[in-house]
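Data first, discussion second: the structure below is written as structure tokens.
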Amino acid sequence: MEYRVLGKTGLKVSILGFGGIPIANISEPDAINVVKKAFEVGVNYFHTSPTYGDSAIKIGKALKDVRDECILNVKIFGADRKRTEKGLRKALKMLRTDRIEIVQFRVTKEQFKKSLGENGGFKVLLRAQKEGVVSHIGITDHDPSFLAEAIKTGLFSNVIVPYNYVFREAERELLPLARSLDVGVTAMKPLGRGILVNVSEALNYIWEHNVATAIVGMKNIREVEENAKIGFKPAPLSDDQKKKLRFLAENLLRRYRIENGALIPKEIQK
Ligand SMILES: NC(=O)c1ccc[n+]([C@@H]2O[C@H](COP(=O)([O-])OP(=O)(O)OC[C@H]3O[C@@H](n4cnc5c(N)ncnc54)[C@H](OP(=O)(O)O)[C@@H]3O)[C@@H](O)[C@H]2O)c1
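Plus 159 on top of the position in the sequence shown (first one is 1) and you've got this note's numbering.
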């Protein structure tokens, strides 16, 4: 597996990261096997949230014997101080751990200013960082241009953004800016929520831009093994492949609309 430094966190993360949403929908034994397999094949970066059903409980159980070798990335809602405190407490309990390497502060553009104030959640994370419970603070939302504004504050060492070869908004401002500020980038919804089935090209597209890791939602051993194989040998895309992806993206956009980085069939109403 290839590993890359996640910006100024200095953490070396596997380019294939583990997206924690789909395991919420499978049995606990199956989920534990999937997470263990991901670790076995070299994944060291696991993203979850106390808001993803029981995903964090399953990840905590699966990784308990290898905890020191793993980087946990946890999304916590940040608009409101009390909610952030509760989310952080819940995450630690679900993961059965006393520390989290990265907390991803989840706020929208509208909530941002308030979230940094007295009654917002950011101060909760700063305190947790001082106490050694949280090592690094990143930010996440679905709007790449808001994330670009947010990282200009210098408060965040890393960012999670929706990014795939169909939804490329991050390329306009966020990715170059993150590079210049040494803010680590994680791509979420790298397969557009499972619609992009040419997985090798989809992941390689992401990895050849300024992105340290892609957190792919995986819910069976086959997906973990297949994706890990791609992560062992990331390969730049040829000009023909790039042309093909542009063509595929145009076609997909006739049938799907983009919602928060996911591809949703146009016939499904908002
Ligand atoms: N703001 C945030 O921080 C935020 C918000 C949302 C999500 N996230 C994170 O981002 C992660 C990724 O997003 P996502 O899970 O929604 O979408 P995704 O990673 O784009 O797609 C996941 C789906 O891709 C399919 N898949 C995976 N490997 C495959 C393979 N080798 N071959 C074929 N299909 C494959 C699976 O679908 P099947 O069901 O068809 O097997 C899986 O459910 C989430 O799990 C979550 O951890 C973060």
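Each residue gets a CB set at the ideal place from its N, CA and C atoms; glycine is no exception.
Span of the alpha helix (DSSP H) around residue i
i: residue 284; result: 281-289
i: residue 240; result: 240-254
i: residue 214; result: 214-221
i: residue 359; result: 358-366
i: residue 331; result: Taken as a continuous stretch (DSSP letters only), residue 331 belongs to no alpha helix (DSSP H), as it is neither H nor E.
i: residue 232; result: Note, residue 232: premise wrong, no alpha helix (DSSP H); beta strand (DSSP E) at 230-236.
i: residue 390; result: 380-391
i: residue 274; result: 271-274
Beta strand (DSSP E) segment containing residue i, residue limits
i: residue 171; result: 171-173
Beta bridge counterpart(s) of residue i as assigned by DSSP
i: residue 418; result: 421
i: residue 299; result: 265 and 319
i: residue 101; result: The shown model of the chain, from 160 to 429, leaves out residue 101, and the question about it has no answer.
i: residue 376; result: 178
i: residue 207; result: 233
i: residue 259; result: 293
Backbone secondary structure at residue i - three-state DSSP
i: residue 345; result: strand
i: residue 194; result: helix
i: residue 277; result: coil
i: residue 312; result: coil
i: residue 304; result: helix
i: residue 369; result: coil
i: residue 200; result: coil
i: residue 397; result: coil
i: residue 350; result: coil
i: residue 186; result: coil
i: residue 426; result: coil
i: residue 355; result: coil
Closer than 6 Å: residue i CB and nearest ligand 1 heavy atom
i: residue 253; result: no
i: residue 172; result: no
i: residue 275; result: no
i: residue 297; result: no
i: residue 319; result: yes
i: residue 385; result: yes
i: residue 234; result: yes
Burial state of residue i, where buried means 16 or more other Cβ atoms lie within 10 Å
i: residue 385; result: exposed
i: residue 171; result: exposed
i: residue 234; result: buried
i: residue 267; result: exposed
i: residue 260; result: buried
i: residue 326; result: buried
i: residue 276; result: exposed
i: residue 196; result: buried
i: residue 313; result: exposed
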